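Asks:
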Amino acid sequence: LECFQFAYRHCNNPAPRNNGRYCTGKRAIYRSCNVMNDNSPAKAFRQEQCEARNGYQSDAKGVKTFVEWVPKYAGVLLGDVCKLTCRAKGTGYYVVFSPKVTDGTECRPYSNSVCVRGRCIRTGCDGIIGSKLQYDKCGVCGGDNSSCTKVMGTFNKKR
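Final position of the sequence shown in this note's numbering is 262; the numbers increase by one with none missing.
1) Would you report the Cα separation of residue 251 and residue 241, rounded to the nearest angstrom?
2) With a threshold of 16 other CB atoms inside 10 Å of the CB of residue 174, please say whether the residue is buried or exposed.
3) Are there three or more Cβ pairs, one per stretch, closer than 8 Å when the stretch 176-185 is compared with the stretch 157-166?
4) Could you give the residue range of the alpha helix (DSSP H) that holds residue 149?
5) Within 10 Å of its beta-carbon, does residue 191 have 16 or more other beta-carbons around it, so buried, or fewer, so exposed?
6) Please confirm whether residue 204 and residue 187 have their CB atoms less than 9 Å apart.
7) Which word fits residue 256, buried or exposed, when buried means at least 16 other C-beta atoms lie within 10 angstroms of its C-beta?
8) Below 8 Å on the Cβ atoms is my contact criterion, and I expect residue 189 with residue 210 to pass it. Report the Cβ-Cβ distance as a whole number of Å.
9) Since residue 216 and residue 227 should fall inside the 8 Å C-beta cutoff, what is the C-beta to C-beta distance between them, to a whole number of angstroms?
10) DSSP has residue 209 in a bridge; who is on the other side?
11) Would you identify the three-state DSSP class for residue 269, choosing helix, strand or coil?
12) May I ask which residues mark the beginning and end of the beta strand (DSSP E) holding residue 231?
13) Is the distance from the Cβ of residue 149 to the Cβ of residue 126 below 9 Å?
14) Assign residue 168 to one of two classes, buried (16 or more other C-beta atoms within 10 Å of its C-beta) or exposed (fewer than that).
15) For residue 200 versus residue 153, is the C-beta spacing smaller than 9 Å?
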């Protein structure tokens with residue numbers, strides 16, 4: 104997602120009194136806008152957040168080494184997918200740099216979910232929060248299963 108909007112209401116103007124009801128409805132709303140399309144850069148948003156940490160680091164002996172950070176996906180618990188966990192490229196060493204990734208970051212690669220204030224929220228296949236669109240059996244977002252092409256024949260493997 105390129106754009107993410109968030110609104111929160113405090114329900115304090117006017118403050119509830121005289122046994123009045125506290126404001127009803129959602130206290131926080133969020134939505135995606137300017138959704139990235141298939142022509143967008145291939146680099147993942149989470150990857151950019153890890154790469155921003157690239158730089159020289161000193162070991163215990165004071166030797167400086169350039170460390171390149173990449174997202175850590177394997178072994179990350181479901182409840183931790185919205186933390187910024189990065190791995191030093193070419194090693195198993197990893198660091199949780201932040202308890203929350205930037206809002207709008209995919210929870211996992213190729214998922215229909217994004218992180219919002221540290222929580223994983225489902226989206227439609229169009230990347231829009233609250234959308235119910237799904238991929239059809241032909242792989243078309245919001246499709247009606249009518250665009251598939253049946254291929255028949257025999258495949259012979261050359262030796």
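All C-beta atoms, glycine included, are put in the ideal place defined by N, C-alpha and C. As the structure is a prediction and not an experimental result, all values here were calculated from the model.
Replies: From the atom records:
1) 5 Å
2) buried
3) no
4) Residue 149 -> alpha helix (DSSP H) spans 148-154.
5) buried
6) yes
7) Exposed: under 16 other Cβ atoms inside 10 Å.
8) The Cβ separation is near 16 Å, so there is no contact.
9) Residue 216 to residue 227, Cβ: 11 Å. No contact.
10) 217
11) This structure cannot settle anything about residue 269, because the visible part of the chain is limited to 104 through 262.
12) Looking at the DSSP string, residue 231 is not in any beta strand (DSSP E), and its letter there is neither H nor E.
13) no
14) Residue 168 counts as exposed, since fewer than 16 other beta carbons sit within 10 angstroms of its beta carbon.
15) yes
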